[in-house]
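Input: a single structure, listed below in structure tokens.
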Amino acid sequence: MTMSTEQVGDVIDPRPARRLDVPFQGFVVDMVSDEVDLGETGGIVRREYVDHPGAVVVVALTGDGDVLLLRQYRHPVGAFLWEAPAGLLDLDGEDPHVAAARELAEEADMTAGTWDVLLDLLPTPGGSNEAVRVYLARDLTPVPDDELHTREAEEADMVVVPVPLEEAAALALAGKLHNAATIAGVLAAAIGRASDWETLRPVDSPWEYRKN
-7 MTMSTEQVGD VIDPRPARRL DVPFQGFVVD MVSDEVDLGE TGGIVRREYV DHPGAVVVVA
53 LTGDGDVLLL RQYRHPVGAF LWEAPAGLLD LDGEDPHVAA ARELAEEADM TAGTWDVLLD
113 LLPTPGGSNE AVRVYLARDL TPVPDDELHT REAEEADMVV VPVPLEEAAA LALAGKLHNA
173 ATIAGVLAAA IGRASDWETL RPVDSPWEYR KN
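Structure representation (structure tokens):
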């Protein structure tokens, strides 16, 4: 089948499905098993995937054009990764922009006067329904000392470093950064700045893939 470029664009159109099992229920995510009807061509199949609450990521850009990256240990991959501030949408109904602002304050000790949407992601759509919204935060100011968040667990020894946006993009393309949402956000910010930010969307832009 040949399609024109005008027809290219993701469309939400779920196939008929029924829940078979929830073999694992966790503190943050569940593993679920569905029976999905793909029609005459695909038939009926069983699909197991992670049921995820979603997340927000913040590309925080300083007045000097640096992006704030955090060094954090990630146990599933056994590595210290450089990432943008981020967090789960694990409070039902919470405005994702509010969650993003909280994560920026807690992880980077910063607030932002200007917020925009950079892009929306489905990081692993073959194995999870996780949806991620990536924000651009500008006009940064430090959180007052008496309001600083006390970090725990993997965040306790978190390091925050400002990196020139072009350098961060080069690090991503050189295979030195591996967090998918961070890479996407950094590259989107680089493209956006080159276009005088014409690619940005308002913080209240529709987010069809958001779960809660």
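Numbering (this note's numbering), first residue to last: -7 to 204.
C-beta: ideal position from N, C-alpha, C; glycine also.
Just so it is clear, the structure is predicted and the values come from calculations on it, not from any experiment.
Could you tell me the alpha carbon to alpha carbon distance between residue i and residue j, rounded to whole angstroms?
{"i": "ASP137", "j": "GLY184", "result": "33 Å"}
{"i": "ALA172", "j": "PRO115", "result": "7 Å"}
{"i": "LEU288", "j": "GLU98", "result": "Outside the shown range of the chain (-7 to 204) lies residue 288, about which nothing can therefore be said."}
{"i": "ALA78", "j": "LEU113", "result": "13 Å"}
{"i": "ALA162", "j": "VAL42", "result": "32 Å"}
{"i": "LYS168", "j": "LEU96", "result": "23 Å"}
{"i": "ALA129", "j": "VAL178", "result": "12 Å"}
So residue i is in the alpha helix (DSSP H); what residue range does that whole segment cover?
{"i": "ARG94", "result": "88 to 100"}
{"i": "VAL178", "result": "172 to 186"}
{"i": "LEU169", "result": "Unbroken run through LEU169: none, as it is neither H nor E."}
Taking 7 Å as the limit between beta carbons, can you name the residues of its chain near residue i, skipping five residues before and five after?
{"i": "HIS44", "result": "VAL21, SER120, ASN121 and GLU122"}
{"i": "PRO134", "result": "ASP101 and MET102"}
{"i": "ASP131", "result": "ALA104, GLY105 and THR106"}
{"i": "ARG143", "result": "MET150"}
{"i": "SER25", "result": "LEU12, ASP13, PRO15, ARG38 and GLU40"}
{"i": "LEU73", "result": "GLN64, ARG66, HIS170 and ASN171"}
Taking the DSSP output, what are the residues bridged to residue i?
{"i": "GLU139", "result": "Bridge partners of GLU139: none, in fact."}
{"i": "GLU27", "result": "ARG10 and ARG38"}
{"i": "ASP207", "result": "For residue 207 there is no data in the structure shown, the boundaries of the chain being -7 and 204."}
{"i": "GLU75", "result": "LEU62"}
{"i": "LEU111", "result": "VAL126"}
{"i": "SER120", "result": "VAL42"}
{"i": "VAL48", "result": "GLY79 and ARG125"}
{"i": "ARG193", "result": "VAL109"}
{"i": "LEU53", "result": "VAL59"}
Excluding sequence positions up to five away, which residues of its chain have a Cβ less than 6 Å from the Cβ of residue i?
{"i": "GLY55", "result": "none"}
{"i": "LEU111", "result": "VAL126 and ALA180"}
{"i": "THR191", "result": "GLY184"}
Which whole-angstrom value is the C-beta distance of residue i and residue j, which I expect to be below 8 Å?
{"i": "LEU12", "j": "GLU(-2)", "result": "Between GLU(-2) and LEU12 the Cβ distance is about 38 Å, and since that is not below 8 Å, they are no contact."}
{"i": "VAL126", "j": "VAL49", "result": "5 Å"}
{"i": "LEU61", "j": "ALA76", "result": "7 Å"}
{"i": "ALA47", "j": "LEU80", "result": "5 Å"}
Mind checking which residues open and close the beta strand (DSSP E) that includes residue i?
{"i": "PRO154", "result": "151 to 156"}
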